[in-house]
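Trainee: Take a look at the following structure, please.
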Amino acid sequence: MSDVLEQLAAVVDARRGASPDSSYVASLFNGGLDRILKKLGEEATETIIAGKDGERGQVIYETADLWFHSIVLLKFLDIEPGEVLNELERRFGRSGIEEKAARTGGKR
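Now the structure itself:
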């Protein structure tokens with residue numbers, strides 16, 4: 003799975019400097035952080051709606067869009083997908099309640 007994310011990140015890197023007229027990725031980068039965040043929010047909302055509707059294929063489709071736009075955000079901020087995967091791996095063997103308590107100083 004991480005190979006696909008790394009390949010996607012490489013494509014985003016390759017296209018970020020292209021002409022915004024010829025590349026969707028370049029147009030997002032050209033629009034800056036606010037444009038990327040707006041698009042990510044739209045994709046998150048569409049994923050939520052698909053989940054609520056319970057249509058499996060649509061959930062997969064919208065989640066792919068969400069992950070893609072998440073990669074765009076990461077690359078805009080010079081964060082590699084592997085850093086997120088490392089954080090997820092770090093959390094293995096720890097309950098979500100424990101993890102949240104560690105981040106919030108014990109508050110739930």
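Here the numbering used here runs 2 ahead of the position in the sequence shown, where the first position is 1. All residues carry an ideal CB built from backbone N, CA and C; glycine is no exception. Values in this document were obtained by computation on a predicted structure and should not be read as measured data.
Round the Cβ separation of R17 and A28 to the nearest angstrom and send it over; I've been treating them as touching at under 8 Å.
Mentor: Looking up residue 17 in the sequence shown gives position 15. Looking up residue 28 in the sequence shown gives position 26. For a cut-off of 8 Å, the C-beta gap from R17 to A28 is around 6 Å, short enough to register as a contact.
Trainee: Flag this pair as touching only if the segment 9–25 and the segment 62–75 have three or more C-beta atom pairs under 8 Å; answer yes or no.
Mentor: yes
Trainee: Looking at the secondary structure, which residues open and close the alpha helix (DSSP H) in which L39 lies?
Mentor: Here residue 39 is taken as the residue at index 37 of the sequence shown, counted from 1. Per DSSP, L39 is one residue of the alpha helix (DSSP H) stretching across 26–55.
Trainee: Could you tell me how far apart the beta carbons of F78 and F31 are, in whole angstroms, since I believe they sit closer than 8 Å?
Mentor: Here the question's residue 78 lines up with position 76 in the sequence shown. Here the question's residue 31 lines up with position 29 in the sequence shown. Rounded, the Cβ-Cβ distance is 6 Å, consistent with contact.
Trainee: Give the DSSP-derived three-state secondary structure of F70 in the structure shown.
Mentor: For the purposes of this step, residue 70 is taken as residue 68 along the sequence shown, with counting starting at 1. Helix at F70.
Trainee: Give the straight-line distance between the Cα atoms of G84 and I62, rounded to the nearest whole angstrom.
Mentor: Start at 1 with the first residue of the sequence shown, and residue 84 comes out as number 82. Start at 1 with the first residue of the sequence shown, and residue 62 comes out as number 60. For G84 and I62, the distance between alpha carbons rounds to 22 Å.
Trainee: Got a sec? Which residues, its chain only, sit under 7 Å from A104 by beta carbon, not counting five neighbours each side?
Mentor: Taking the first residue of the sequence shown as position 1, residue 104 is located at position 102. There are no such residues.
Trainee: Output needed for R1: all residues of its chain with C-beta closer than 6 Å, excluding positions within five of it in sequence on either side, in chain order.
Mentor: What is shown of the chain runs 3 to 110, which leaves residue 1 out entirely.
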